Amino acid sequence: MVASYHQNCQARMQDSSKRDTTGNQGIPGEGENQMNTQTITLSWTAQQRQNEKRRTDPICKKARAEYYKLWYETHGRGRSQKAKEQNKLWALRNPKANKARQTVSRALKTGRLHKPSRCVNCNERRALLAHHEDYDYPYMVTWICFSCHPRKRDN
Ligand SMILES: [Zn+2]
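The sequence shown maps to residues 215 to 369 in the numbering used here.
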């Protein structure tokens with residue numbers, strides 16, 4: 215039951231793909247910038263379209279909520295021990311990046327930095343991370359979402 219919580223959604227997605235060919239069904243809940251969203255959906259890959267569908271579809275949302283409720287009940291809300299160890303290792307391996315990260319987190323609390331609600335690259339409301347071009351300037355931050363972030367430094 216845990217492995218395939220998207221069963222219902224996949225059935226829904228097949229239905230909606232049929233609708234997509236006939237009518238112009240945009241992403242639900244995105245009324246603004248009709249032209250913009252259409253051009254973006256055209257340039258999306260199939261995987262991205264599926265991700266967006268899963269993110270916004272109400273049946274997907276319900277299935278996801280149930281799945282994570284169960285997951286948190288069994289695993290707990292906190293970070294796993296493995297994740298904590300990995301974070302510590304990352305901090306040891308990237309001392310400069312870790313220091314910049316700490317500076318940003320402190321600056322957000324004191325109000326020196328302000329975190330916007332949208333990604334500067336794709337202008338979507340997503341979880342944002344503070345991207346540093348140069349760790350020597352910890353306050354020079356680009357607020358960017360995970361999918362727009364160039365994962366070059368890690369790995
Ligand atoms: Zn983005």
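All C-beta atoms in this analysis are idealised placements derived from N, C-alpha and C, irrespective of residue type, glycine included.
Note that the structure is a prediction, hence the values are computed from the model and not measured.
Other residues of its chain near R340: CB distance less than 6 Å, five sequence neighbours each side excluded: Taking the first residue of the sequence shown as 1, we reach residue 340 at position 126. C333, C359.
Chain-ordered list of residues that sit, by beta carbon, closer than 5 Å to a heavy atom of ligand 1: Output, sorted by chain position: C333, N335, C336, C359, C362.
Pair within 9 Å by beta-carbon distance, S361 and C336: Start at 1 with the first residue of the sequence shown, and residue 361 comes out as number 147. Start at 1 with the first residue of the sequence shown, and residue 336 comes out as number 122. Remark: C-beta atoms of S361 and C336 approach each other more closely than 9 Å.
Reference D350; option with closest CA among H363, R326, Q316, Q261: The residue you call residue 350 lines up with position 136 of the sequence shown. Ranking H363, R326, Q316, Q261 by Cα distance to D350 puts Q316 first.
Below-9 Å beta-carbon distance, R339 vs any chain B residue: This model lacks chain B altogether, as it is built from one protein chain only.
9 Å Cβ cutoff met for H372 and L343: For residue 372 there is no data in the structure shown, the boundaries of the chain being 215 and 369.
Buried or exposed by the 16-neighbour rule on C-beta atoms within 10 Å, applied to P352: Counting from one through the sequence shown, the residue named residue 352 turns up at place 138. Buried is the call here.
Environment of D271 [buried if 16+ CB atoms lie within 10 Å]: For this step, residue 271 is matched to residue 57 along the sequence shown. So D271 ends up on the buried side.
Counted within 10 angstroms of its Cβ, other Cβ atoms place I279 as buried (16 or more) or exposed: Taking the first residue of the sequence shown as 1, we reach residue 279 at position 65. For the record, residue 279 in the displayed sequence is Ala; it is not Ile. Exposed, because fewer than 16 other Cβ atoms sit within 10 Å of the Cβ of A279.
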